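J.: Chains as they are written, first to last, in my numbering: chain A, 13 to 171; chain D, 309 to 395; chain H, 460 to 877; chain S, 34 to 949.
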Amino acid sequence: MTDVTIEQLGRAPLHVLELWGDPKAAAKRVAKALGHDLPKVGKAQGNVLRLSPTTWLVEGDVTAPKQTLGDGGALTPSGGGYERVRLSGPAWRSLLMEGGLFDAESPAFGIDSVVTTPIDHIAVTLRVESENACLAYVPASHAVDLLRFWQLSAGGLPR
Amino acid sequence: MKLIPCPHCGNRAQAEFVYERTADSVVPLDAEPDAAVAALFARANPRGVEEEIWRHTYGCGSWMLIRRDRVSHAIEWVKPLGPEALP
Amino acid sequence: MSKYSALSLLRGAFNGQSHWQPAWRDPEPKTSYDVVIIGGGGHGLATAYYLAKVHGITNVAVIEKGYIGGGNVGRNTTIVRSNYRLEPLSRFYEFSLKLWEGLSDDLNYNVMFSPRGALTLGHSDADMIQLAQKGDAMAVQGIDAELLTRDQVMKIEPCLDFSRQARFPIEGAMIQWRGGTARHDAVAWGFARGADSYGVDIIQKCEVTGMVMGGNRVVGVETSRGRINAGTVAICAAGHSGHVAAMAGLKLPVESQTLQAMVTEGVKPMVQTVVMTQSLHCYISQSDKGGIVFGGDPDNWPSYAQRGQPVTMELAVQQGLALIPALSRLRMLRCWAGVTDMSFDGSPIIGTTPRDGLWINGGWCYGGFKATPGSGYLFAHSLAHQRPHAIVEPFSLDRFERGSPVDENGTGPFPNHR
Amino acid sequence: MNAATINFTFDGKALRARPGQTLAAALLDNGTKLVGRSFKYHRPRGILSAGVEEPNALVTVGTGGRTEPNTRATDLFVYEGLVATSQNRWPSLSSDLGSALQLVAKALPAGFYYKTFFGPPKLWLFYEKFIRRAAGLGPAPTEIDPDRYATRAAFCDVLVVGSGPAGLIAARDAVHAGKKVILVEQDAKLAPSLLRDPHEIESKPGAAWAEDVAAEIRANGGKVLTRTSASGLWDDQFICLSEKLVEPGQVPANGFTQRYWHVRAGEVVLATGVIERPLTFANNDRPGVMLSQAVRTYVNRFGVVPGQRVVVATTGDDAYLTAQALRDAGAEVVAVLDSRAAPAGQDSGFAVFNSAVPVTAKGGKNGVTALVANLGGTERTFACDLIAMSGGFTPLVHLHMQAGGKLDWDEAAQAFVPGASRWNVRTVGLAAEPAPAETVGATGVAKQAFVDFQNDVTVADLDLAWREGYRSVEHLKRYTTLGMATDQGKTGNMAALDRIARREGMTVPEAGLTTFRPPHTPVSMGALAGLATGEHAQPTRRPALYDLHAAKDPIWLNAGYWKRPRAYPVGAETLAQAGLREARAVRSSVGMCDVSTLAKFEVQGPDAVQYLERVCQTSVGKLAVGRGRYTFMAREDSLVFDDGTVWRLEENRFLLTSSTGGASRMATWLSYVRNHLCADLKVSLVCVQEHYAAIAVAGPKSSAVMAKLTGAESPRHMSVVDARIAGIPAWVMAASFSGERAFEVHFDAAHAEAVWNAIEAEGCTPYGLEAMELLRIEKGHMVVGPDIDGRLTAEELGLGKMVNKAGGWIGASTLHRPAFVDPLRKQFVGLEAIDGGSIPEGSMLVRWIGGEAEGHVTGSGLRVLEGGSIAIGHLKGGHKRHGEELYAYSPTRKQKAKVRVTSPHCYDPAGERYRD
């Protein structure tokens, strides 16, 4: 028995939102449609994750933000490219230390924190859902490898 | 392995970053032929401090300018590059 | 110079080996030389040796900041081969390989050139076609190259992973039987002893701090032990080419990067040849002491620190274990690093510079060791005739601005994109 | 001490160890003195030390895939069933034929091999065979390791290396200061020095105190790792640790044998302690000559008294503790030889001799029998069965130096101690403040006084190297092989420096010091590789349709990281047969192929055209909405490096495709251009390589198939429509790589199987990369790699007419260079066999057999329907050589074909088949 559960959630409708030009104005408009501000670097809010300085990953329907976005940026469908994996249980942080470079055990990596970092050479985007669970967006083509890595590693975590 | 202070993500392991080229080897789109050749093929390659372009490739993907000592690896400063970004 | 031989060693058995003389002198620098070579590594020492031996130019100084052979000639994975696809490269390295074949006798110093075979594995049909192409390119020039089937490879290197599930399945290989390894330190020492015997001054612990200019001409060097005038100054500074050239106001198409290598604890014979692969950047051989010697990728960013990054080393080990799984229980004994002068097409730079009287030999990337005798011979020839030898003409410094790179991998001007 | 209850074997002999004993302790306990053979002369060797610095007692442990050669008997805790075997001997440890080399040792001084074995290289190869067999220590492993190695990251404020009192206190202080701490100890027990020299600390027995402190560290969130060695220290306090989860050769319960840690620490505290130095005298390498502290360790910690009549030889005070421990354990201390003139332990009750040094040990493979000593000028022989020596202490400064730290010279201790650090690293305890000791130089016959035990480097070898001019310490090391054995000279290097200093008449710091390189102690290769072994040695990328393909049991191709079907053989078909059948299906009917791995980028925004016309060498802005075109990209050096297609999906929305193999390079390049060359543009660039699955549907019947699937008229060639297939939204792009009327369907990869199945149900024949190769070569379409090889311009590739005349594309400013007008540069051509032969792929193009290569074959195939070998290639000045006859010659395969140079477009050059 291990203290971490690895659960494959499959793909979801995802869009990459990229803002150009005057990002403040566009962000304001999108925020209105979303009902909340676009999250800062390293954070997630609602169904939006910050990916990079100019991009966000939006899960679910994007009709509303698309309408308000205007020519301040673009939404690009991307959901087919990610396998979503939920790591839950008391040892999920410990599991992320296997084959990693990022301090997933840091208290600073709290709820709604987002980070992209390589695990077992594969760049994975992580979102802390709760103290008990973390959602990983894994490049779909690497999912089989990474799931195997996590399953094997879960059996050898330090006590 | 160095820590590199990504302007957006803070200190992260060097293995998350990829070196691209020196700052002076960017060939502007309107470069004159001789300037383009010089930018591509003439390097100071100092045994000392140089300004370099790196990318947080396996992290946030952003580009940055790093002023760094090539002997001690000590980083003097890092500046973000690219289009205007929100915090 | 006392001659080295088995007989002489036997004589030593009765005199406590007390008859041996210093292999080279430790002279004070003179005020002037016909040729001053900057850098007492393999290439610098070889250049001096051939200048003296072949061209009778003996008023030569080799100036070394530290101790001779302390740079890349003593930090590499000791591989010797001439299996290149582009004709200028294979011609050059084949010239060098031929010199290797007679080098121990020529120097009267056993450099232990061991033509045990340079084996390049192919992991797919596409790899095998590329290997055939390389082999054909070599063979039409009369360079030995043999394609091997999977079964033939299995007989030569049974330690490789021949399972079908292997991440890098072995479909076959190309072998250059005349390739192999040599004892790296011995190459530097043998050339030093040889050059010294012709009167070349090898000056250690002497750092070049500047160039003495007369108009556009370099007429000498400033050193930590005073000014030395020179008819010709030749840079053989490998990873340090850049800042030496900068003393003459030059910028080179070179960036210095760290390349590391490692060796395991010794075991009985396990790897017979030099194992390389078409798809990976990993090369493995076994030293005479039994250590498995490994090399991988450079760190891919500029550095003058002679220490590599641990993650790069781990990647090389992953590749090595993928090829030879039984290495798992061996232990890495030591890893080390060198500062490599990565040129902007992956090929060396040999020839004149925009400064009169200043020549350069550099840009060796991670392939300089095997070039040592050839590079020294041809550079010496070029210096002696004040005109690049035909074999090194394609490697001129101005090839980049002319648009004729010698780009074996076709990856373009940035060494870290290679 | 507990009873001996643990069964193990050494060279097949069944023995028993007591719990907690190392193999070395257990062997001594069983009266075994001879444990190994040295590297060069095969001299008999016993146990020198009680730690990782052991140069002599190397054994092979474990069986099968767990066999570990060169394991230090002093760093291996005995477990039930341990199998240990001696090494580097034949036929047996006690009668080793290799030891005959000792007889000719006089003719084999340091570097002898540089002076002999001349002749042709083949001759050296012959000699080398024997040298290699004689060298090499342990046996070469042959089997696959059945166990796993974990690789784990950790972060802490303070990492403490070494759990002696200094390390424990440093760790406890840090914990009290609220720091996150990791403490590592390479031994199985904490504070091994307190087991060697038990004493009270803070009113508790030492060992119990250590356990209590460790418990306190753990209770405060710290980690305490035993059997863990800090192997290397890199920039910004990045430390690699290797943790033994079980002993070498032991079967792990959970499958993991070691854990390799990557630790990032705010501060590193090195409490690494010291290593005792041997004394240099004749036959100091004999079994029964041991380090003084090691003797004490065996007595006090392991309950083993390694000798009954002991001579203690020392240059400092510490060895008197050994004498005392031996006497307490009932052994006879025959004499204490103290090199110092001023007495140190006169009142200890031992027979102490001042100004006394050992000269020659007597005895053989079964141990020493006597020691000849120089007692202030007079010689005296002491009968003994154990010599405990102490030549001072060497601080373990390896990690400090790896961290770029400087060293200072401690005159009193005659040792290098840590000086200034570059990073946040400090050293505490004995490693910073070693005990005073003097050095006495070498005594006895130089040829038999060993400095480097494992590599058989003697004082005579050092002297010879010095005489021959190898005076820099690095030269000396490399010439004699000093310090290059598995112990990395931990015990011997200082004696060598001392010798050079004495010869040069200088101080030891002037003589220099070699660089310490990682790892501090050797690290298992398996640990460095982690779980990335076997078929997982490198990530494998699986396209969305992987499972569907796998069900068809195709012949797979490893294309970079990707697994792609190469052909779908039916029955007993070979690859070539299947490929040809599939290609013919495309030419004559309709086939389908998974092309999902293509690089794909969505480019959106009002400035998308401007951006794309910088990246692409063709025009883009002229495309109407719903149209696409072939395009290619040049580097800044104006050479073409990739190609693909660009589609105008909407006014300001484009899809750019490029080669699979170049995908990550292209992603980086596009981002570089966007961020550095046109940061001001209003453009969005998103890599959608994995989002879109893509299926090519090709063949004369493809249009009808697509019409049926989409319920609409199929787009004309190079047009794109938005459609639904099996209810899934898809871009249907009419584009052809095969030369037939063809479509690429791009759609959300989440629905890949549904779309594939719908298309396949229309009677399309699945084809793989083999058929694709045949089709595209016949059509003369290039691929990135062989054809677009990064060495040719667009003009040379035959793409000159498509280049955007308006310029503005990257690479334009370097195309002026003079070499590009050289008429002998290579150009892209077609080839057809004219003598019925088959054109070998990759072969050289020559005018006559024996002539120089003027080009080469980049791809070889055949006329898919009619047969007949055709090919494409690069040929010097090839565009003007159509019609010329050459040979395609492959000497390595002993094949040749007479060929005629043609246009590369062998099949339907006018493109008529693209029309319905």
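Heads up, the beta-carbon is just placed ideally off N, CA and C, and yes, glycines get one too.
Quick caveat: nothing in here was measured; it's all calculated off a predicted structure.
Below 7 Å between beta carbons is the criterion; list the residues of the stretch 629 to 652 of chain S that meet it against any residue of chain A, in chain order.
T.: If the cut-off is 7 Å between Cβ atoms, the stretch 629 to 652 of chain S has E635, Q637, G638, P639 near chain A.
J.: So the beta strand (DSSP E) Q635/H belongs to, where does it begin and stop?
T.: Looking at the DSSP string, the run of the beta strand (DSSP E) that includes Q635/H is 631 to 635.
J.: Answer yes or no: does any C-beta atom of chain D fall closer than 8 Å to that of L817/H?
T.: By this cut-off, L817/H is not an interface position.
J.: Quick check on T175/S: buried or exposed, where buried means 16 or more other Cβ atoms within 10 Å of its Cβ?
T.: Under this definition T175/S is an exposed residue.
J.: In its own chain, which residues sit with a C-beta less than 8 Å from the C-beta of R185/S, not counting the 5 before and 5 after it?
T.: Answer for R185/S: R292, Y293, W294, H295, listed in chain order.
J.: In whole angstroms, what is the alpha-carbon distance linking G462/H and V521/H?
T.: The displayed chain sequence assigns Lys, not Gly, to residue 462/H. Between K462/H and V521/H, the C-alpha separation is close to 23 Å.
J.: Return the residues of the stretch 311 to 324 of chain D that lie within a Cβ-Cβ distance of less than 9 Å from chain H, sorted by chain order.
T.: Here the close residues are A321, Q322, A323.
J.: Which residues in chain A have a C-beta closer than 7 Å to the C-beta of G367/D? List them in chain order.
T.: Chain A residues near G367/D: T128, T129.
J.: In three-state terms, what does DSSP make of N591/S?
T.: Correct three-state label for N591/S: strand.
J.: List the endpoints of the continuous beta strand (DSSP E) containing W68/A.
T.: W68/A -> beta strand (DSSP E) spans 67 to 71.
J.: Relative to the C-alpha of G525/H, which residue among A641/H, D747/H, A696/H is closest?
T.: Of the candidates A641/H, D747/H, A696/H, the one whose C-alpha sits nearest the C-alpha of G525/H is A696/H.
J.: Can you find the residues in the same chain that come closer than 6 Å, C-beta to C-beta, to N319/D, ignoring five residues on each side of it along the sequence?
T.: Counting only Cβ-Cβ distances below 6 Å, and skipping sequence neighbours, we find L311, P313.
J.: Spell out whether any CB of chain D is found under 8 Å from the CB atom of N708/S.
T.: Yes, because at least one Cβ of chain D sits closer than 8 Å to the Cβ of N708/S.
J.: Does K190/A come out as helix, strand or coil in the three-state DSSP assignment?
T.: With chain A running from 13 to 171 in the structure shown, residue 190/A is simply not present.
J.: Within 8 Å (strictly less), CB to CB, does V345/D reach chain H?
T.: It does: the Cβ of V345/D has a partner Cβ on chain H nearer than 8 Å.
J.: Between the alpha carbons of D595/H and T732/H, how many angstroms are there, rounded?
T.: For D595/H and T732/H, the distance between alpha carbons rounds to 21 Å.
J.: For I39/S, write down the residues that DSSP places opposite it in a beta bridge.
T.: The partner list for I39/S (beta bridge, DSSP) reads A50/S.
J.: Measure the C-alpha to C-alpha separation of Q845/H and G658/H and round it to an integer number of angstroms.
T.: Answer to the nearest angstrom: the Cα atoms are 21 Å apart.
J.: How would you call V946/H, buried or exposed, if buried means at least 16 neighbouring beta carbons within 10 angstroms?
T.: Since the displayed chain H opens at 460 and closes at 877, residue 946/H lies outside it and no answer follows.
J.: Whose CA, out of L548/H, G701/H, V539/H, lies closest to the CA of W559/H?
T.: Taking only the C-alpha atoms, the option nearest W559/H is V539/H.
J.: Along the alpha helix (DSSP H) that carries G653/H, what are the first and last residues, could you check?
T.: Where G653/H is concerned, the enclosing alpha helix (DSSP H) stretches over 643 to 656.
J.: What does a CB cutoff of less than 7 Å around L581/S pick up in its chain, not counting 5 residues either side in sequence?
T.: E786, W789, listed in sequence order.
J.: Less than 8 Å separating the beta-carbons of V719/S and V70/A?
T.: No. Outside cutoff.
J.: Find the nearest neighbour of G576/H within the set F473/H, G708/H, I743/H, E630/H, judged by alpha-carbon distance.
T.: G576/H has its Cα closest to that of I743/H, out of F473/H, G708/H, I743/H, E630/H.
J.: Does the beta carbon of K387/D come closer than 8 Å to any beta carbon on chain S?
T.: No, K387/D lies away from the interface with chain S (no Cβ there is under 8 Å from its Cβ).
J.: Counting only the same chain and skipping the five closest in sequence on each side, list residues whose C-beta sits under 8 Å from that of M13/A.
T.: The predicted model places M13/A with a pLDDT of 47, which falls under 50 and marks its position as unreliable; any figure quoted below should be read in that light. Cβ within range, chain order: n/a, list empty.
J.: Strictly under 8 Å for the Cβ-Cβ distance: is S717/S near chain D by that measure?
T.: No - not a single Cβ of chain D is within 8 Å of the one on S717/S.
J.: How far does the beta strand (DSSP E) with I728/S in it reach, from first residue to last?
T.: First-last of the beta strand (DSSP E) with I728/S: 725 to 731.
J.: By how many angstroms is the C-alpha of P65/A removed from the C-alpha of R574/S?
T.: Whole-angstrom Cα-Cα distance: 27 Å.
J.: Quick one, which residues of the stretch 849 to 870 of chain S are near chain D if we go by CB-CB under 9 Å, in chain order?
T.: Per Cβ criterion, the list reads H849, R850.
J.: Give the residues of chain S in contact with D83/A, contact being defined as C-beta atoms less than 9 Å apart.
T.: In chain order: G638, P639, N685, K715.
J.: Less than 8 Å between the CB atoms is what I'm expecting for D800/H and G835/H, so what's the real figure, rounded?
T.: Actually they do not touch by this definition, with Cβ atoms about 16 Å apart.
J.: In chain S, what lies closer than 7 Å to M729/H by C-beta?
T.: Residues of chain S passing the Cβ test: A173.
J.: Which bits of chain S does H381/D rub up against, with CB to CB less than 7 Å?
T.: What H381/D touches in chain S: D268.
J.: What residues are listed by DSSP as bridge partners for E683/S?
T.: Answer by DSSP bridge pairing, in chain order: R686/S.
J.: Using DSSP with H/G/I as helix, E/B as strand and the rest coil, what is I516/H?
T.: It is coil, neither helix nor strand.
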